[in-house]
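Since the structure comes first, as structure tokens, the remarks are kept for the end.
There are 2 protein chains.
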Amino acid sequence: MRYCSHCGSADIALRVPEGDNRPRYVCAACGTIHYQNPKVVVGCLPEWDDRVLLCRRAIEPRHGLWTLPAGFLENAESIATGAARETLEEASARVHVGELYTVISLPYINQVYMMFRARLADLDFGPGPESLEVRLFREEEVPWEDLAFRTITRTLRNYFLDRRQGAFPLRLSTLERRPPVKSDLLGAG
Amino acid sequence: MRYCSHCGSADIALRVPEGDNRPRYVCAACGTIHYQNPKVVVGCLPEWDDRVLLCRRAIEPRHGLWTLPAGFLENAESIATGAARETLEEASARVHVGELYTVISLPYINQVYMMFRARLADLDFGPGPESLEVRLFREEEVPWEDLAFRTITRTLRNYFLDRRQGAFPLRLSTLERRPPVKSDLLGAG
Numbered sequence: 010m011r012y013c014s015h016c017g018s019a020d021i022a023l024r025v026p027e028g029d030n031r032p033r034y035v036c037a038a039c040g041t042i043h044y045q046n047p048k049v050v051v052g053c054l055p056e057w058d059d060r061v062l063l064c065r066r067a068i069e070p071r072h073g074l075w076t077l078p079a080g081f082l083e084n085a086e087s088i089a090t091g092a093a094r095e096t097l098e099e100a101s102a103r104v105h106v107g108e109l110y111t112v113i114s115l116p117y118i119n120q121v122y123m124m125f126r127a128r129l130a131d132l133d134f135g136p137g138p139e140s141l142e143v144r145l146f147r148e149e150e151v152p153w154e155d156l157a158f159r160t161i162t163r164t165l166r167n168y169f170l171d172r173r174q175g176a177f178p179l180r181l182s183t184l185e186r187r188p189p190v191k192s193d194l195l196g197a198g
Numbered sequence: 010m011r012y013c014s015h016c017g018s019a020d021i022a023l024r025v026p027e028g029d030n031r032p033r034y035v036c037a038a039c040g041t042i043h044y045q046n047p048k049v050v051v052g053c054l055p056e057w058d059d060r061v062l063l064c065r066r067a068i069e070p071r072h073g074l075w076t077l078p079a080g081f082l083e084n085a086e087s088i089a090t091g092a093a094r095e096t097l098e099e100a101s102a103r104v105h106v107g108e109l110y111t112v113i114s115l116p117y118i119n120q121v122y123m124m125f126r127a128r129l130a131d132l133d134f135g136p137g138p139e140s141l142e143v144r145l146f147r148e149e150e151v152p153w154e155d156l157a158f159r160t161i162t163r164t165l166r167n168y169f170l171d172r173r174q175g176a177f178p179l180r181l182s183t184l185e186r187r188p189p190v191k192s193d194l195l196g197a198g
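Protein sequences, first through last, are from chains E and A.
In this text, residue positions in the first sequence follow this note's numbering: the first is 10, and each later residue adds one.
In this text, residue positions in the second sequence follow this note's numbering: the first is 10, and each later residue adds one.
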């Protein structure tokens, strides 16, 4: 944030406002406090018999890798509506949204993932503009090494474990920043 | 949004960016798209034996009315951490955060409430700067007519019903804008 979106001033300071306890971007000219808060990512785990639907990403980040349909919750929609919309946009798939299944906080990137189990309404699906390919996978066919995000891996792993038990309790967790790999610590060469 | 927070230009238009499907604030000068998304409100339903902790609000909106400790999730925290922080700030109360209990979408004000059941660690609590008073209430003592928000009423009503059953399944719901009261429809006088 370099300019105040309310008055246009460049006199923005990161400081703790009176009565607050953490630094915010505050405009010295008009006094507006510019709060920044985490975003919600909503999505579905669409089922068809013993298979689940995955999309191969046509966009960055993680172009070419596989994901469950998910994206940022928009203003003016509920989380279940947002999850169904993302599934329609990315996989052209209509779903019956079921129970909320995983809720994963990602404090290091200011996101909260909320994934629903869902039932495909029919097999008339296909890639939307943000997907290269959309397919159904049995457990043994899931491309574990080519999944786009840790949230997706965690949701799918929980799902296949819980499916064996026949119960899907809400899975609440937090993912911290991934530790740097050894080559980063040692430096190049 | 009147000025671009990135370049300071006042040439901001509400339009659908290429490849998108809904209007965003877009800067005509530098091209920055200013996305706006719902905020998450996190809080606790703190229990002590058969009583629950409520706070009487010292701030607007709903000054003087009762609420469960809750507030906006901050960047860099998980939802459970945020719920505990709000409880400490508003009620000076330390809690053991338990299961996620109610998730309520409020699409008309772009919020998602996420309330946890929690167990008070001790009885050393009291009003923080945003509360006038903090008290424990038995079910029959809850000031139902003086609760601050519908999300709080719904969470408490579910809680006392579920407590009779001895089970607290996740309660997922949506609250729509409250319909106008009759006097609004008829006009004044």
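Beta carbons are placed, not taken as given, at the ideal position from N, Cα and C, and that holds for glycine.
(request) Using only alpha-carbon positions, find the residue among A:189, A:186, A:11 and A:94 that is nearest to residue 55 (chain A). (result) A:94
(message) Using C-beta distances below 7 angstroms, list every residue in its chain close to residue 117 (chain E), excluding the 5 sequence neighbours before and after it, in chain order.
(response) 185 and 186
(message) Within 10 Å of its beta-carbon, does residue 135 (chain E) have 16 or more other beta-carbons around it, so buried, or fewer, so exposed?
(response) exposed
(message) Against chain A, does residue 64 (chain E) count as a neighbour if the rule is that its beta carbon must be under 8 angstroms from one of theirs?
(response) no
(request) Would you list the residues sitting across from residue 182 (chain E) in a DSSP beta bridge? (result) E:113
(request) Over the uninterrupted beta strand (DSSP E) stretch that includes residue 34 (chain A), give me the two end residues. (result) 33–36
(message) In chain order, what are the residue ranges of uninterrupted alpha helix (DSSP H) at least 4 long that sit wholly in the stretch 63–149 of chain E?
(response) 88–100
(request) Assign residue 60 (chain E) to one of three DSSP states: helix, strand, or coil. (result) strand
(request) Please confirm whether residue 33 (chain A) and residue 21 (chain A) have their CB atoms less than 8 angstroms apart. (result) no
(request) Let me know the secondary structure DSSP gives residue 166 (chain E) once reduced to three states. (result) helix
(message) I want to verify the contact list: residues of chain A whose CB lies under 7 angstroms from the CB of residue 47 (chain E), in sequence order.
(response) 49, 82 and 84
(message) Tell me which residues of the stretch 11–31 of chain E have at least one Cβ-Cβ distance to chain A shorter than 8 angstroms, keeping chain order.
(response) 11, 12, 13, 14, 15, 16, 17, 19, 28, 30 and 31
(message) Closest to residue 41 (chain A) by C-alpha separation, out of A:27, A:132 and A:119, would be which residue?
(response) A:27
(request) Select from E:38, E:182 and E:167 the residue whose C-alpha is nearest the C-alpha of residue 175 (chain E). (result) E:167
(request) For residue 11 (chain E), name the three-state secondary structure that DSSP assigns. (result) coil
(request) Output yes or no for whether 8 angstroms exceeds the beta carbon distance between residue 124 (chain E) and residue 53 (chain E). (result) yes
(message) With distance defined between alpha-carbon atoms, name the residue in A:182, A:183, A:24 and A:63 nearest to residue 127 (chain A).
(response) A:63
(message) Counting only C-beta atoms, is residue 116 (chain E) closer than 8 angstroms to chain A at any point?
(response) yes
(message) List, in chain order, every chain A residue whose beta-carbon is nearer than 9 angstroms to that of residue 121 (chain E).
(response) 49, 82, 87, 88, 121 and 123
(request) Answer with yes or no whether the minimum CB distance from residue 61 (chain A) to chain E is below 8 angstroms. (result) no
(request) Can you say whether residue 138 (chain E) is buried or exposed, counting buried as having 16 or more other CB atoms within 10 angstroms of its CB? (result) exposed
(message) Give me the chain E residues within the contact set of residue 70 (chain A), using Cβ-Cβ distance strictly less than 8 angstroms, ordered along the chain.
(response) Per Cβ cutoff of 8 angstroms: no residues; residue 70 (chain A) is ~16 angstroms from chain E at best.
(message) Given a cut-off of 8 angstroms on the beta-carbon distance, is the pair residue 129 (chain A) and residue 65 (chain A) in contact?
(response) no
(request) Could you have a look at residue 187 (chain E) and say whether DSSP puts it in helix, strand or coil? (result) coil
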